[in-house]
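First the structure, in the form of structure tokens, and then the observations on it.
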Amino acid sequence: MSKQEQLQGILKELKQALPELRSIVVASTDGLPIVHDAGDAPRIAAMAATALGLGKRISQTTELGALQETIVRGNDGYFVVYAAGDKGVLAVAAPADANLGLIHLEARGFAARLAQLL
Amino acid sequence: MEPLKVIVTGPVGAGKSTLIRTLSETDVVDTDAMASEDIGKAMTTVAMDYGTLHLGDQLLYLFGTPGQERFDFMWDVLTEGALGMLMLVRGDRPEDFGPARRMLDYLLSQHPVPHVVGVTRQDRPPVWSPEEVALFLGLPKERVVGLNATDPRSAVQPLIRLLELMLVDGESGR
């Protein structure tokens, strides 16, 4: 199985584990989409990389330790960006009534698996 | 005197992060990520660079943008409230001049502020001179300054010019 197919497989599993997710984007840390199910993936990938890069820097500057995730919360939902190792970014969008704790639990595990492949 | 916010922008690889690292008097806030495409360098800015610099009594806040167009949303975010703009282009990469001109036109249409174009790599000939780049871009000569972003005495020159222009034509810079 090619790396791309393996990544697609992980994306599919994540969608099954968290069906409430509105979109999932896996990108490089410099903002290029790798696998996704989002309509506007190039733009989301760039923004996810920016959010992660800035989140890491804020975490470092304010002595919060290693970054776990960057969360954007709007009235209608969440956009959460996780580091997938040094090279990757996992971004998910979820509705406002989603269980954020469950999303973190699942997404962190998937991010670790993605990190092995990227 | 109020601090002045200056935006440092330009195409990828122009020397924006380098210039801010060379000049900043305080720890630079940078957001480098590994470049996954061939852009002639290992790391690239994904969110912003930030540094501070005094020119005489005047404190400047330097905000550097990412260079790749996919991060264009950050250009607007960072340019908000800026009172001056330094657009850097690599003097040995004329293919960047057109995109730089379009970037400058776009940013000035959104944020009409005093601006200077800095032509980097003047220490590494063959390189286009600031006069040649001014002609190419159709800009007045005084708005284009040559520099070497790794040398503090040289890197500060376009900011000195920008500050002069900000003091003279602070209202629009056009």
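Chains as they are written, first to last, in this note's numbering: chain H, 99 to 216; chain R, 81 to 254. By construction, the Cβ of each residue, glycine as well, lies at the ideal position given by its N, Cα and C atoms.
Residue i at chain R interface by Cβ criterion, 8 angstroms
| i | result |
| --- | --- |
| residue 151 of chain H | yes |
| residue 206 of chain H | no |
| residue 159 of chain H | yes |
| residue 168 of chain H | no |
| residue 138 of chain H | no |
| residue 232 of chain H | Only positions 99 to 216 of chain H appear in the structure, and residue 232 of chain H is not among them; the question remains open. |
| residue 145 of chain H | yes |
Neighbourhood of residue i by C-beta, 6 angstroms cutoff - its chain only, sequence neighbours within 5 removed
| i | result |
| --- | --- |
| residue 213 of chain R | 199 and 224 |
| residue 228 of chain R | 202, 203 and 234 |
| residue 101 of chain R | 108 |
| residue 129 of chain H | 143, 144 and 147 |
| residue 178 of chain H | 167, 169 and 190 |
| residue 148 of chain R | 92 |
Per-residue DSSP class, three states only, for residue i
| i | result |
| --- | --- |
| residue 112 of chain R | strand |
| residue 193 of chain R | coil |
| residue 116 of chain H | coil |
| residue 246 of chain R | helix |
| residue 123 of chain H | strand |
| residue 131 of chain H | strand |
| residue 107 of chain H | helix |
| residue 170 of chain R | strand |
Rounded separation between residue i and residue j - CA only
| i | j | result |
| --- | --- | --- |
| residue 110 of chain R | residue 104 of chain R | 12 angstroms |
| residue 179 of chain R | residue 169 of chain H | 33 angstroms |
| residue 207 of chain R | residue 217 of chain R | 16 angstroms |
| residue 214 of chain H | residue 112 of chain H | 16 angstroms |
| residue 198 of chain H | residue 117 of chain H | 13 angstroms |
| residue 99 of chain R | residue 194 of chain R | 19 angstroms |
| residue 184 of chain H | residue 124 of chain R | 14 angstroms |
| residue 202 of chain H | residue 191 of chain R | 39 angstroms |
| residue 165 of chain R | residue 87 of chain R | 5 angstroms |
| residue 120 of chain R | residue 120 of chain H | 36 angstroms |
| residue 136 of chain H | residue 238 of chain R | 42 angstroms |
| residue 37 of chain R | residue 143 of chain R | The displayed coordinates of chain R run from 81 to 254. Any statement about residue 37 of chain R would go beyond what the structure contains. |
| residue 181 of chain R | residue 97 of chain R | 20 angstroms |
| residue 95 of chain R | residue 170 of chain R | 7 angstroms |
| residue 175 of chain R | residue 139 of chain R | 34 angstroms |
| residue 102 of chain H | residue 216 of chain H | 10 angstroms |
| residue 141 of chain H | residue 151 of chain R | 8 angstroms |
| residue 231 of chain R | residue 183 of chain R | 26 angstroms |
Identified DSSP bridge partners for residue i
| i | result |
| --- | --- |
| residue 141 of chain R | R/85 and R/132 |
| residue 177 of chain H | H/170 and H/191 |
| residue 199 of chain H | Per DSSP, none; premise fails for residue 199 of chain H. |
Neighbour flag for residue i against chain H, beta carbons, 8 angstroms
| i | result |
| --- | --- |
| residue 183 of chain R | no |
| residue 101 of chain R | no |
| residue 201 of chain R | no |
| residue 153 of chain R | yes |
| residue 115 of chain R | yes |
| residue 94 of chain R | no |
| residue 122 of chain R | no |
| residue 109 of chain R | yes |
Any chain A beta carbon closer than 8 angstroms to residue i
| i | result |
| --- | --- |
| residue 132 of chain R | Within the model displayed, chain A is absent; protein chains H and R are what it includes. |
Cut-off 8 angstroms between Cβ atoms - residues of its own chain near residue i, not counting five sequence neighbours on either side
| i | result |
| --- | --- |
| residue 151 of chain H | 127 |
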